[in-house]
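Working notes for the structure below.
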Amino acid sequence: NHKTCPVCGTAVDGEVCPDNLLSFLIDTSHETADVCANCDQISQPMHFCETCQQALCNCCRHSTHQARMFAAHRVVPLEERARVKGRMTCPIHGEPYILYSVENRNLACIVCFNNAGFDSRHHLVQIDAAHKMGCEKLDKATVKLRAFQDDVDEQLQLRKRLVSELVESHRIACESIRQTCQEMTDTLLTVRDRLLKKLDEEMATRIQHFREQMRQLTSLQPTTRLCLLSASIFCSSASKLDFLQCYADLLKRIQSLISMQCEKPQYTGDLTVDSREEFNRALEPFLGLSSFLLCSNVNSGSDGNERSCETASPRTSFVRRSGSSVVNGCRLLLSKYQLVVDLAGAFGEQFTKVETPLQQYSHEMTKLGKKVQELQRDLTLRRCIIEKDCTIDLIRRCKDLDVRVSQHSSVVNDLQPQLQQIWQEELDRVRRQQVLFREKIEEIITLREKARHIVNVAKQLEPYAVCLAAVTSVIDHKRCHKPDPAPMETICQQINTLEPDSQQRIEAIEKEEQNRRLIQDQKKREEQMKIAAVKKSLKTTKEQKKLMRKSAGDKCVL
1 NHKTCPVCGT
11 AVDGEVCPDN
21 LLSFLIDTSH
31 ETADVCANCD
41 QISQPMHFCE
51 TCQQALCNCC
61 RHSTHQARMF
71 AAHRVVPLEE
81 RARVKGRMTC
91 PIHGEPYILY
101 SVENRNLACI
111 VCFNNAGFDS
121 RHHLVQIDAA
131 HKMGCEKLDK
141 ATVKLRAFQD
151 DVDEQLQLRK
161 RLVSELVESH
171 RIACESIRQT
181 CQEMTDTLLT
191 VRDRLLKKLD
201 EEMATRIQHF
211 REQMRQLTSL
221 QPTTRLCLLS
231 ASIFCSSASK
241 LDFLQCYADL
251 LKRIQSLISM
261 QCEKPQYTGD
271 LTVDSREEFN
281 RALEPFLGLS
291 SFLLCSNVNS
301 GSDGNERSCE
311 TASPRTSFVR
321 RSGSSVVNGC
331 RLLLSKYQLV
341 VDLAGAFGEQ
351 FTKVETPLQQ
361 YSHEMTKLGK
371 KVQELQRDLT
381 LRRCIIEKDC
391 TIDLIRRCKD
401 LDVRVSQHSS
411 VVNDLQPQLQ
421 QIWQEELDRV
431 RRQQVLFREK
441 IEEIITLREK
451 ARHIVNVAKQ
461 LEPYAVCLAA
471 VTSVIDHKRC
481 HKPDPAPMET
491 ICQQINTLEP
501 DSQQRIEAIE
511 KEEQNRRLIQ
521 DQKKREEQMK
531 IAAVKKSLKT
541 TKEQKKLMRK
551 SAGDKCVL
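Using UniProt numbering, you'd call the opening residue of the sequence shown number 1 and step up by one each time.
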């Protein structure tokens, strides 16, 4: 069976160990009230003689313990007397407890003292001394426990205050959500009614225009039919003379009818309105970028205190108007790069005028808050005396800081029109970019519709093309087969079919290289033969003859 600890709530297997401390407190609380052992009465204050082990009232104490023989008796208040609930003797040796081991934290008798080692005896003290030491430690722990209890009470009160603030904040947030939702609903309904009215007016205008053109076209139909009937009669049954006599007049009427051009309709049948854009503009104060435009309606009081209390700060007007994340107390987490980009330009210059003093005021406010907190702790926890002059100076500095913050709030309110102009320009630029992007999206949709239409038309033409191809193949065979390619085209096709590392291509390249070398060798031999023939055709000079004779004589000598 799983049981839970009554202190920490942890699941425990088996039986729960008894708590001796709680058992002692329970047994002590069940004790009966002690009466005086002499008069059997209860008269406060009551006393207890530890020597006699009897309770005495105040009167009996003075009457019975005035003699010299009772001078050694120890009389204490009844509340301070200690009844021993546990064992008074050692369970091992049967001797009464007279010592206490500080090291092991248990009682010891005289036999335990004699059996203990020399080092262990230093940790054995008398019961009175151990009781005194334990009381001192317990008093110190009690002081710390009281401080902890005060801290717990303070934290408990803080949680209760936070819960009450949370409930109030929840109520305000719910009311704000309902109010914002109602405002958005009313705005959307107003825009809806305006757009529907605009559509009705546009439809009425177009219907009137179309009906006027229909009336004009309807009036032309009888005259057209009469001319067609007249032309048919003259061509079929009229004599030549009658035809020639009336021909010019009828032709003139027909020409006048043909010359009349029907006016093109000024409108199309597609009645559209950019409702999303209208709804987007209507919801911009609640959801769009323009929700960051602040209201400049500020009510300031006459003096500093009233001004600090009644001045509608920029954040107040912003929270009341907007539906952004700032209402919930959330701030956008911006990176350093985004922060640098956002603070560039005219906005950064104006924002510096707001941020720099605020950082200084926030630093001063933190210091003052810490000083006030220290004074509160001195008064409540440390039980110290706080100086009056220090408190008055602290109040004066807080009021001065409040006045400066209020003045800075007026400076911020004066900067709002300039910032609104900057933001409005940014919004206009973003809106123009959105319009351009939306136009491109619509252009893409139109192109896709045209592509689908062309595909459908091509699919409708496909059966006719197949039929014509079949008929042509029967009539002319040349149109069904491609003409044979030219020789050069055939060679190029063969080259394209060969792979770069194919064996056939390698062999062709080697063969071509071998042919090139043979041709070069043939040319060299022909040139050498020509040179030899030229040399043979030349006459022999005298020097050559002398050389020839000399070489012949040398051969004869040899």
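Where a beta carbon is used, it is the ideal one built from N, C-alpha and C, also for glycine. Predicted, not measured: the structure shown is a model, and the values here were computed from it.
- Looking from the CA of E103, the closest CA among A55, N456, S259 and D119 belongs to D119.
- In this structure, L250 lies near S230, with their beta-carbon atoms less than 7 Å apart.
- Counting along the chain, no alpha helix (DSSP H) covers C49; the unbroken beta strand (DSSP E) around it starts and ends at H47 to C49.
- In the structure shown, the three-state DSSP call for Y97 is coil.
- A469 counts as exposed, since fewer than 16 other beta carbons sit within 10 angstroms of its beta carbon.
- In the displayed model, Q44 falls within coil according to three-state DSSP, outside both helix and strand.
- In the three-state reduction of the DSSP assignment, D34 falls in the coil class, being assigned neither a helical nor a strand state.
- Just measuring C-alpha positions, the residue of V372, E426 and P285 sitting nearest F347 is E426.
- Cα atoms of S259 and Q216: separation of roughly 15 Å, rounded to the nearest angstrom.
- For P91, the secondary structure class from DSSP, reduced to helix, strand or coil, is coil.
- For the region 223 to 294, the continuous alpha helix (DSSP H) assignments of 4+ residues that do not extend past its boundaries occur at 240 to 259 and 275 to 283, in sequence order.
- Nearest Cα to L381 within the set I177, A147, L358 and Q266: A147.
- Judged by DSSP secondary structure, A470 falls outside any beta strand (DSSP E) and instead within the alpha helix (DSSP H) spanning K388 to I475.
- As a beta-bridge residue in DSSP terms, L107 pairs with Y100.
- Annotation: the continuous alpha helix (DSSP H) that includes Q373 extends over A346 to T380.
- In its chain, beyond the 5 residues on either side, Q41, I42 and A55 have a beta carbon closer than 8 Å to the beta carbon of V35.
- Beta bridge pairing from DSSP links Q522 with no other residue.
- E442 and D274 have their alpha carbons spaced roughly 13 Å apart.
- A distance below 8 Å between beta-carbons, with the five flanking residues on each side excluded, links Q126 to the following residues of its chain, in chain order: I98, L99 and Y100.
- Around the beta carbon of H47, 16 or more other beta carbons lie within 10 angstroms, which makes this residue buried.
- In the structure shown, Q53 adopts coil according to DSSP, grouped into three states.
- Secondary structure at T10: coil, using DSSP grouped into helix, strand and coil.
- Less than 7 Å divides the Cβ of N38 from the Cβ of C60.
- Per DSSP, C59 is one residue of the alpha helix (DSSP H) stretching across N58 to T64.
- At a Cβ-Cβ threshold of 7 Å, T51 and H65 do not count as neighbours.
- The three-state secondary structure of L124, taken from DSSP, is strand.
- Rounded to whole angstroms, the gap between the alpha carbons of T10 and C17 is 13 Å.
- Contact check for I254 against C227 passes: the beta carbons are separated by less than 7 Å.
- The continuous beta strand (DSSP E) containing P77 extends over residues V75 to P77.
- Using a Cβ distance threshold of 7 Å, F286 and V191 do not count as a contacting pair.
- Taking C-alpha positions only, R161 is separated from R178 by approximately 25 Å.
- If you draw a straight line from the Cα of E512 to the Cα of Q520, it is about 12 Å long.
- The C-beta separation of V111 from H93 comes to about 4 Å, placing the pair in contact by the 8 Å criterion.
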